[in-house]
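Novice: Position in the sequence shown counted from 1, then plus 11, gives you my numbering.
From the three backbone atoms N, C-alpha and C, an ideal C-beta is built for every residue, glycine too.
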Amino acid sequence: MLESVLETTDTDADIGRCGKMEAKNQAMDFIHEVGWLLHRSQLKSRLGHLDPNPELFPLRRFKWLMEFSMDHEWCAVVKKLLNILLDGIVSSGEHPSLNLALTEMGLLHRAVRKNCRPLVELLLRFVPEKTSDSLGFENETVADGVHKSYLFRPDVIGPAGLTPLHIAAGKDGSEDLLDALTDDPGKVGIDAWKNARDSTGSTPEDYARLRGHYSYIHLVQKKINKRPPSGHVVVDIPSAVSDCSTNQKPNNESTSSFEIGQLELRSIKRNCKLCDQKLAYGYGTANRSLVYRPAMLSMVAVAAVCVCVALLFKSCPEVLYIFRPFRWELLDYGTS
Numbered sequence: 012m013l014e015s016v017l018e019t020t021d022t023d024a025d026i027g028r029c030g031k032m033e034a035k036n037q038a039m040d041f042i043h044e045v046g047w048l049l050h051r052s053q054l055k056s057r058l059g060h061l062d063p064n065p066e067l068f069p070l071r072r073f074k075w076l077m078e079f080s081m082d083h084e085w086c087a088v089v090k091k092l093l094n095i096l097l098d099g100i101v102s103s104g105e106h107p108s109l110n111l112a113l114t115e116m117g118l119l120h121r122a123v124r125k126n127c128r129p130l131v132e133l134l135l136r137f138v139p140e141k142t143s144d145s146l147g148f149e150n151e152t153v154a155d156g157v158h159k160s161y162l163f164r165p166d167v168i169g170p171a172g173l174t175p176l177h178i179a180a181g182k183d184g185s186e187d188l189l190d191a192l193t194d195d196p197g198k199v200g201i202d203a204w205k206n207a208r209d210s211t212g213s214t215p216e217d218y219a220r221l222r223g224h225y226s227y228i229h230l231v232q233k234k235i236n237k238r239p240p241s242g243h244v245v246v247d248i249p250s251a252v253s254d255c256s257t258n259q260k261p262n263n264e265s266t267s268s269f270e271i272g273q274l275e276l277r278s279i280k281r282n283c284k285l286c287d288q289k290l291a292y293g294y295g296t297a298n299r300s301l302v303y304r305p306a307m308l309s310m311v312a313v314a315a316v317c318v319c320v321a322l323l324f325k326s327c328p329e330v331l332y333i334f335r336p337f338r339w340e341l342l343d344y345g346t347s
């Protein structure tokens, strides 16, 4: 990475000689500072509290190392430096905690200004290997549903109330950056697109609309439309036949309600009212007739037998003849 810069000699007499020498000096300073930092980290990992030199690495020198690494877009070096910082090897300087010192660096803002998507994705998904007690993280720095280990958020406020989303929305050619910022693990980038406001009250969407970046607005809107609904839906379903159980409570006889969480919207096929009426009246009547038909038939049969017996034993049948009526009481024996 730095080989071509370090190979520059003092005898080079070209037009850009001064610039190359300055770059070479910066590269040498970076190597020396990184060497000291790694040495301090190794001593702490080996000796722990028995380290004879407990002095911490100065924050000012560490910030220069971080800025140099980010300017060269060295993702692996940035990740290593962050782990060393969070391990408690670097001092907090004038800040009461390392958390405030890390926030003041504005690493995510710097990565967005560099228009470097790999650095942005690294910071958004960065999880420290170790955390020191001197970090000073508080609960208010963690949003609802976002894991505490994610240190860099797309809605973090910088100078003038600007967030990384504001910076990306106001830059040309930032589609990749917006795609990364709205795809963070905590899913706060999409919400901050329309809710995060700077010192003037403008949102990132307002910045994009003001500068004519309508492709940014369409990109984020597509992601918003694809998000599943997060609300709860309460559905009332009529209960079954309430007289099937005599011990059923009165409040269960009318309706039974239940909540369905994270219900996906689906198309519901609805039958016409005429079909519902036919089903209700037709099949209901048929079912009732099938249920009561045996009892009705038995009752009719018993009634018919009773009527026949009453007619035979209680009535007085008359057989009309030509001359006089025929009666059973006047019937005699013989041929006369």
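Quick check: does the Cβ of A207 come within less than 7 Å of any heavy atom belonging to the ligand PLP?
Specialist: Judged by which ligands are present, the structure shown has none, so any question about the ligand PLP falls away.
Novice: Report the partner residues of V101 according to the DSSP bridge assignment.
Specialist: In DSSP, V101 forms a bridge with F68.
Novice: Which residue from P129, N110, C319 puts its Cα closest to that of L70?
Specialist: Selected option, being the one with the closest Cα: N110.
Novice: Less than 8 Å between the C-beta atoms of P165 and H120, yes or no?
Specialist: No; because the gap between Cβ atoms is not below 8 Å, this pair is not in contact.
Novice: At which residues does the alpha helix (DSSP H) containing Y161 begin and terminate?
Specialist: From DSSP, Y161 is part of no alpha helix (DSSP H); its letter is neither H nor E.
Novice: Whole alpha helix (DSSP H) runs in the stretch 155–230 with 4 or more residues, listed along the chain?
Specialist: Runs found: 175–180, 186–192, 200–206, 215–221.
Novice: So, for K260: in the same chain, excluding its five sequence neighbours on each side, which residues have a beta-carbon less than 6 Å away from its beta-carbon?
Specialist: Because K260 sits at a pLDDT of 45, beneath the cut-off of 50, its placement in the model cannot be relied upon, and the point is left open.
Novice: Using a Cβ-Cβ cut-off of 8 Å (strictly less than) and excluding sequence neighbours within five positions of E340, which residues of its own chain qualify?
Specialist: Result list for E340: empty, nothing under 8 Å.
Novice: Alpha carbon to alpha carbon, how far is K31 from V199? Give it in angstroms, no decimals.
Specialist: Approximately 43 Å between the Cα atoms of the pair.
Novice: State the Cα-Cα distance for the pair R238 and S210, rounded to the nearest angstrom.
Specialist: Their backbone Cα atoms lie some 29 Å apart in a straight line.
Novice: For V138, which three-state DSSP category applies?
Specialist: Of the three classes helix, strand and coil, the one that applies to V138 here is coil, per DSSP.
Novice: Determine, using beta carbons only, whether L92 and L76 come nearer to each other than 8 Å.
Specialist: Yes. Within cutoff.
Novice: Just reading off the alpha helix (DSSP H) that E340 is part of, what are its end residues?
Specialist: Run containing E340: none; DSSP gives neither H nor E here.
Novice: Quick check: what's the CA-CA separation for F68 versus A207?
Specialist: When rounded, the distance between both Cα atoms is 36 Å.
Novice: What is the DSSP secondary structure of H50, reduced to helix, strand or coil?
Specialist: Three-state result, H50: helix.
Novice: Output yes or no for whether 8 Å exceeds the beta carbon distance between Y225 and G181.
Specialist: Going by C-beta atoms, Y225 is not nearer than 8 Å to G181.
Novice: Spatial neighbours of A171 within its chain, please: CB distance less than 7 Å, with the 5 preceding and 5 following residues excluded, ordered by chain position.
Specialist: Same-chain partners within the cutoff: D209, S210.
Novice: Note down the Cα distance separating E163 from L118, rounded to an integer number of angstroms.
Specialist: The displayed chain sequence assigns Phe, not Glu, to residue 163. Between F163 and L118, the C-alpha separation is close to 8 Å.
Novice: Just verifying my parser: in three-state terms, what is the DSSP assignment at R57?
Specialist: In the structure shown, R57 sits in a helix (DSSP, three-state: H, G or I).
Novice: Once the 5 residues before and after H177 are set aside, which same chain residues still bring their CB inside 7 Å of it?
Specialist: Contacts found: D209, P215, Y218.
Novice: In whole angstroms, what is the alpha-carbon distance linking L276 and N236?
Specialist: Confidence in L276 is poor, its pLDDT being 42 and thus under 50, which makes the residue's placement too unreliable to answer from.
Novice: Using 10 angstroms around the beta-carbon of W47, count the other beta-carbons present and answer buried if the total reaches 16, otherwise exposed.
Specialist: By the neighbour-count rule (16 or more Cβ atoms within 10 Å), W47 is not buried but exposed.
Novice: Would a C-beta distance cut-off of 8 Å place C87 and V123 closer than the cut-off?
Specialist: A small fix is needed here, since residue 87 is Ala in this sequence, not Cys. Taking 8 Å as the Cβ cut-off, A87 and V123 do not qualify as a contacting pair.
Novice: Would you verify that the beta carbon of K198 is, or is not, closer than 8 Å to some beta carbon of chain D?
Specialist: In the structure shown, chain D does not exist; there is a single protein chain.
Novice: In three-state DSSP terms, what is G30?
Specialist: The answer is helix: DSSP assigns G30 an H, G or I state.
Novice: Can you give me the C-alpha to C-alpha distance between C29 and M39, rounded to a whole angstrom?
Specialist: Distance between the alpha carbons of C29 and M39 is about 15 Å.
Novice: Should V348 go down as buried or exposed, given a rule of 16 or more other Cβ atoms within 10 Å for buried?
Specialist: The question about residue 348 has no answer, for the chain in this structure spans 12 to 347.
Novice: By Cβ distance, which residues of its chain are closer than 7 Å to R11, with the 5 residues on each side in sequence left out?
Specialist: In the structure displayed, the chain extends from 12 to 347; residue 11 sits before or after that span and is not available.
Novice: What is the DSSP secondary structure of C319, reduced to helix, strand or coil?
Specialist: Three-state result, C319: helix.
Novice: Among the candidates I95, L133, Y161, G184, whose CA atom is the shortest distance from the CA of N2?
Specialist: Coverage of the chain is limited to positions 12 through 347, which leaves residue 2 absent and any answer about it impossible.
Novice: So the candidates are K55, F73, S56; which of them puts its Cα closest to the Cα of H43?
Specialist: The shortest Cα separation from H43 among K55, F73, S56 belongs to F73.
Novice: Measuring only the C-alpha atoms, how far is E84 from E105?
Specialist: Going from the Cα of E84 to the Cα of E105 covers about 28 Å.
Novice: Can you list, in chain order, the residues of its chain with a C-beta nearer than 6 Å to that of V231? Leave out the 5 residues immediately preceding and following it.
Specialist: Cβ neighbours of V231 beyond the five flanking positions: T193, W204.
Novice: Residues in the same chain with beta-carbon distance under 7 Å from S102, minus the five sequence neighbours each way, listed in chain order, please.
Specialist: The answer, listed in chain order, is L67, F68, P69, L70.
Novice: Would you tell me roughly how many angstroms separate the C-alpha atoms of P131 and L54, rounded to the nearest one?
Specialist: Per the sequence shown, the amino acid found at residue 131 is Val instead of Pro. Those two C-alpha atoms are separated by around 31 Å.
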